[in-house]
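Here is the structure we will look at, set down as structure tokens.
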Amino acid sequence: MSQTLLQLLDSRVSAALSACGCEGAPAIIQPAGRPEFGDYQANGVMAAAKSRKMNPRALAEQVVAAIDLAGIASKLEIAGPGFINITLAPEFLAQRAQAALGQADLAVPKAAAQRVVVDYSSPNLAKEMHVGHLRSTIIGDALARVLRFLGNEVIAQNHVGDWGTQFGMLTAFLIESEQGGAGDIALNDLEDFYRRAKQRFDEDEAFATRAREYVVKLQGGDAQVNALWKRFLDVSLHHCEEVYQELGVGLTRADVRGESAYNDDLPVVVRDLQGKGLVVESQGAQVVFLDEFKTKNQDGSETPAAYIVQKQDGGYLYATTDLAAIRYRVAQLKADRVLYVVDARQGLHFNQLFTVSRKAGYAPDAVSLEHVGFGVMLGEDGKPFKTRSGGTVKLAELLQEATERAFALVSEKNPDLPEAQRRDIARAVGIGAVKYADLSKNRNSDYVFSWDTMLAFEGNTAPYLQYAYTRIAGVFRKAEGVDTSAAIVLDEPAERALALELVRFADALQSVARETMPHFLCSYLYNLATQFMRFYEACPVLKSEGEQRASRLQLCRLTAETLRTGLGLLGIEVLEAM
RNA sequence: CUGCCCGUAGCUCAACUGGAUAGAGCAACGGCCUUCUAAGCCGUAGGUUAGGGGUUCGAUUCCCUUCGGGCAGGCCA
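Each residue of the first sequence is one higher than the one before, starting from 0 at the first, in numbering that gives the first Met the number 0.
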């Protein structure tokens, strides 16, 4: 298949519009708002008629007469001021579903392949990962998987925080701990390690001085300090990898390219910007002034925004590092598209970064630079979630709690399963629930962190989708003589509704990739699972006979494959039993 | 002060370049397991989309304004 369902309908209706003298008018195809309107509706006629001063109903009639949907639609209707309602032919739906069966990619059309750099997770290695790191990590991971599935070449970049003054402090503290013979033990708890180091830094002037010296030594390439720094990073990265493993996130060491990797490039970037006349000195700092971001003063005058790339003391900032990273991603990695899955609060920074990158020629217009922002995490009281002492929930703790709750539930529902299997189920269900709770929300919205919402196992949750899969697995355990080439026949309304949802998979993925919105996929999968549950209640599979039984088994098979694939793209496992 | 984001059912969230009667889940109430796993299905109830104006065939969506919340804004990231 070369076109998704939406693309197919769009091209046919657009062609009809052109044939009726409305060249270039968008067809605006959408899933129908109500069942009595059919399966899809074309809304483009009204706007086209208006701009051409035509009667919309009359134009709609011309378009319907000109439309070529033979073998695709069974009914076309004009309704209201000029909607065209399209009802798809059951044979067409069946044929479409049939084509997806048995294909590893479920016959999803490949978009024009791009090389996409996805910058995500990017934790600060000085501390342990907490719930605040969840969104970037799993949103980025889901986007990377979807983009890859659609034929793009994805390069993940874990832009970890491994550089800066705090690492001087940490290595200094590591030395001290080693001298006391407790270096390895101290590193067992990163959070505690950081807290103690910070305490020493605040309370002991001599230690603080030593820490600052270490920063200088680190940047100067001092071998001993560098070795200690690397040991610290190794421990910290190992901790991250444990969390990634637990989360089912595909990031590896090969994807890590931290801030430190750009260290040598920073003076080069600043010199380059100076050479291009973009940077001027202001109050001792090297600054790019941006008229695009000028702010109004009270007296009505305007000041351009200052984008500082080098401090008075000669030090560099994250702005500089990010410029170096863009240069690397475009020039070395040959990116066509760069996604930054980073907290929405950094929106202004990225806007400015992108603007400077364009001016400096680091990213030509052909390269798409996108800040995939996401909302701030709030507490259950609706106020910002505290990140200060004691306020954070460690990611590892959240995942453990989720797994425990899931274990209690599965043990209650299915006590006869061996414990090892119940543990496996609990892990997949618990982790899946946590990830889905996050991924299913529009990433632009702020995020309310709630144990109960996060760990719910009913309704629109990952376990609901996993359960649908499990039910299908149960059917196939009992089915005998499954004919994997049997024809799909859609007679019952529930069968038809299920098939309609199944053939929409590709469109769901396209919109995820285009809008960088993973929750579109969640909504899709939830709708699919819901349609399946209804089908399951209404249409007995094993008790039916002949062609009908074979057809229903085929629908089950495709549903299972779609759920497995779709959940897989979200980084969530499916289960044979639960 | 300037700019960006947000405000939808009691709670958590949807609503795809503006589309028809704003949809789900949770919580509440009522049904459905001798028939493929009840983590399910069916039903009832719940709304002046923060308020007010405007644009048009049509607005949760776009514009203006007020209120309320969040965030960012020259040497943190």
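Positions of the beta carbon are idealized from the N, C-alpha and C atoms, including for glycine. On a predicted model such as this, the values are computed, not experimentally measured, just so you know.
{"query": "Taking 8 Å as the threshold (C-beta atoms), are Lys440 and His518 in contact?", "result": "yes"}
{"query": "Hey, out of Ala472, Leu100, Thr164, Phe192, whose CA is closest to Glu175's CA?", "result": "Phe192"}
{"query": "Just to confirm the assignment: which complete alpha helix (DSSP H) runs, minimum length 4, are found wholly within the segment 340 to 409?", "result": "346 to 359"}
{"query": "Measuring alpha carbon to alpha carbon, tell me which of Gly179, Gln309, Ser259, Asp506 ends up nearest Gln282.", "result": "Gln309"}
{"query": "For Val481, I'd like the list of residues in its chain whose CB is within less than 6 Å of its CB, leaving aside the five on either flank, ordered along the chain.", "result": "Leu552"}
{"query": "According to the Cβ coordinates, are Cys538 and Glu491 closer than 8 Å?", "result": "yes"}
{"query": "Given that a residue counts as buried once 16 or more other Cβ atoms are within 10 Å of its Cβ, and exposed if not, what is Lys126?", "result": "buried"}
{"query": "I'd like the list of long-range same chain contacts for Glu258, defined as Cβ closer than 8 Å, with 5 residues on each side in sequence excluded.", "result": "His158, Val159, Gly160, Asp161, Trp162, Gly163, Tyr317, Thr320"}
{"query": "Can we say the segment 562 to 574 touches the segment 109 to 118, given the rule of at least three CB pairs closer than 8 Å?", "result": "no"}
{"query": "Check whether the Cβ atoms of Gln94 and Asp118 lie closer than 8 Å to each other.", "result": "no"}
{"query": "Which residue or residues does DSSP assign as beta-bridge partners of Arg114?", "result": "Glu152"}
{"query": "How should Val267 be labelled, buried or exposed, when 16 other C-beta atoms within 10 angstroms of its C-beta is the threshold for buried?", "result": "exposed"}
{"query": "Would Ala425 and Ala405 qualify as a contact pair, given that the criterion is a beta-carbon distance under 8 Å?", "result": "yes"}
{"query": "Is Pro303 helix, strand or coil when you go by DSSP?", "result": "strand"}
{"query": "Consult DSSP for Ala576 and reduce its assignment to one of helix, strand or coil.", "result": "coil"}
{"query": "From this set, Leu566, Ser121, Leu7, Gly81, which residue's C-alpha is nearest Ala467's C-alpha?", "result": "Leu566"}
{"query": "Can you tell me which of the three DSSP states Gln102 falls into?", "result": "coil"}
{"query": "Let me know the secondary structure DSSP gives Ser73 once reduced to three states.", "result": "strand"}
{"query": "Pairing CB atoms from the segment 322 to 329 with CB atoms from the segment 350 to 366, are three or more of them under 8 Å?", "result": "yes"}
{"query": "Once the 5 residues before and after Asn487 are set aside, which same chain residues still bring their CB inside 6 Å of it?", "result": "The question names Asn, but residue 487 is Ile in the sequence shown. If we look at Ile487 and ignore the five residues flanking it on each side, its Cβ neighbours are Ala93, Ala96, Gln97, Ser550, Gln553."}
{"query": "In the DSSP assignment, the alpha helix (DSSP H) including Asp506 goes from what residue to what residue?", "result": "504 to 514"}
{"query": "Cα separation between Gly37 and Asp415?", "result": "46 Å"}
{"query": "CB-CB under 7 Å to Thr515, same chain, minus the five flanking residues each way: which ones, in chain order?", "result": "Leu142, Leu338, Glu369, Val371"}
{"query": "For Leu236, which of Asn123, Phe288, Thr294 has the nearest alpha-carbon?", "result": "Asn123"}
{"query": "Closest to Arg422 by CA distance: which of Ala432, Ser410, Gly431 is it?", "result": "Ser410"}
{"query": "Do you know offhand how far Ala505's Cα is from Thr3's?", "result": "6 Å"}
{"query": "The ligand PLP and Thr3: does any heavy atom of the ligand fall closer than 7 Å to the residue's C-beta?", "result": "Although the ligand PLP was asked about, the structure shown includes no ligands whatsoever."}
{"query": "Using a threshold of 8 Å, state whether the C-beta atoms of Ala427 and Thr460 are closer than that.", "result": "no"}
{"query": "Would you call the segment 262 to 280 and the segment 221 to 233 touching, i.e. three or more CB-CB distances under 8 Å?", "result": "no"}
{"query": "For the putative contact between Ser367 and Arg336, defined by C-beta atoms under 8 Å, what is the C-beta separation to the nearest angstrom?", "result": "4 Å"}
{"query": "Spatial neighbours of Leu246 within its chain, please: C-beta separation below 6 Å, excluding the five flanking residues on both sides.", "result": "none"}
{"query": "List the DSSP bridge partners of Asn157.", "result": "Val255"}
{"query": "Look up Glu241 in the DSSP assignment and say whether it is helix, strand or coil.", "result": "helix"}
{"query": "Using the Cβ count rule (16 or more neighbours within 10 Å means buried), how would you classify Ser388?", "result": "Any answer about Ser388 is weak, because its pLDDT of 43 lies below 50 and its placement is not dependable; what the coordinates show is given next. Ser388 should be labelled exposed."}
{"query": "Take Val255 and list the residues in its own chain whose beta-carbon comes closer than 8 Å to its own, dropping the five residues that flank it on each side.", "result": "Asn157, Val159, Leu236"}
{"query": "Compare the beta carbon distance of Val44 and Pro55 with 8 Å and say whether it is the shorter of the two.", "result": "yes"}
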